[in-house]
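Q: This is the structure, below, for whatever I ask next.
Residue numbers (the working numbering): 48 to 202.
Next comes the structure, spelled out in structure tokens:
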């Protein structure tokens, strides 16, 4: 999915592409350099300017750190931390958003709902999946493929 935005006063159409991320909760190797390179590649060569990242696990933490760092050099990009529940205390993350309809989802299903929402809103999915047995990250990568999303693995 991409959004077409007509720039005010111009006849050109600007395509805006989005990326979501899925990876393991625990990371046993240094993936930061590969992940940074892959994100920058998406910006430079695929015109991506919007990113969605979750809040659970080490992979999400690494993604958030990289996006924060590269946003200084690529000032046109936006990244959102997508929450899996409506916050009850204050907002824990800068740039957090809550998927539409999540307030009607039972708490135990919040992460699944959020991940499906991110897949539907994205054109590209970047994954770190080094095992598939009982992996939720692998399950969401497969769902993205079924929905004809471009899945990029950094493994």
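Note that CB positions come from ideal geometry on N, CA and C, so glycine has one too.
Would you report the Cα separation of residue 124 and residue 116, rounded to the nearest angstrom?
A: Taking the chain shown and counting its residues from 1, the one referred to as residue 124 is at position 77. Taking the chain shown and counting its residues from 1, the one referred to as residue 116 is at position 69. Whole-angstrom Cα-Cα distance: 11 Å.
Q: Touching or not, the region 133-145 and the region 168-185, by the rule of three or more beta carbon pairs under 8 Å?
A: The region 133-145 is not in contact with the region 168-185.
Q: What are the uninterrupted segments assigned as alpha helix (DSSP H) that are 4 or more residues long and contained completely in the region 162-193, given in chain order?
A: 183-193, all fully within the region 162-193.
Q: Quick check: what's the CA-CA separation for residue 174 versus residue 136?
A: Locating residue 174 in the chain shown gives position 127, counting from the first residue. Locating residue 136 in the chain shown gives position 89, counting from the first residue. C-alpha separation (whole angstroms): 30 Å.
Q: CB residue 131 to CB residue 155, shorter than 7 Å?
A: For the purposes of this step, residue 131 is taken as the residue at position 84 of the chain shown. For the purposes of this step, residue 155 is taken as the residue at position 108 of the chain shown. Contact flag unset, no.
Q: Might you give, ordered along the chain, the residues of its own chain that have their beta carbon closer than 6 Å to the beta carbon of residue 133, omitting 5 neighbours on each side?
A: Here residue 133 refers to the residue found at position 86 when the chain shown is read from its first residue. Correct list, in chain order: 145 and 150.
Q: Determine, using beta carbons only, whether residue 90 and residue 121 come nearer to each other than 7 Å.
A: Counting from 1 along the chain shown, the entry for residue 90 is found at position 43. Counting from 1 along the chain shown, the entry for residue 121 is found at position 74. Yes, Cβ-Cβ distance for residue 90 and residue 121 is below 7 Å.
Q: What residue range does the alpha helix (DSSP H) around residue 107 cover?
A: In the chain shown, counting from the first residue as 1, residue 107 sits at position 60. Start and end: 105-117.
Q: Report yes if the CB atom of residue 171 is closer than 7 Å to the CB atom of residue 66, and no otherwise.
A: Taking the chain shown and counting its residues from 1, the one referred to as residue 171 is at position 124. Taking the chain shown and counting its residues from 1, the one referred to as residue 66 is at position 19. A contact, by the Cβ cut-off of 7 Å.
Q: Roughly how many angstroms separate the alpha carbons of residue 197 and residue 119, rounded to a whole number?
A: As a first step, residue 197 is located in the chain shown; it is residue number 150 there, counting from the start. As a first step, residue 119 is located in the chain shown; it is residue number 72 there, counting from the start. Each residue's alpha carbon lies about 26 Å from the other.
Q: For residue 93, which residues from the same chain have a beta carbon less than 7 Å from its beta carbon, with the 5 sequence-adjacent residues on both sides left out?
A: As a first step, residue 93 is located in the chain shown; it is residue number 46 there, counting from the start. For residue 93, where only same-chain residues beyond five positions count, the Cβ hits under 7 Å are 64 and 171.
Q: Which one of 83, 166, 200 and 201 has the shortest CA to CA distance from residue 193?
A: Walking along the chain shown from the start, residue 193 turns up at place 146. Taking only the C-alpha atoms, the option nearest residue 193 is 166.
Q: For residue 132, name the three-state secondary structure that DSSP assigns.
A: Against the chain shown, residue 132 aligns to sequence position 85. Three-state DSSP puts residue 132 in coil, outside helix and strand.
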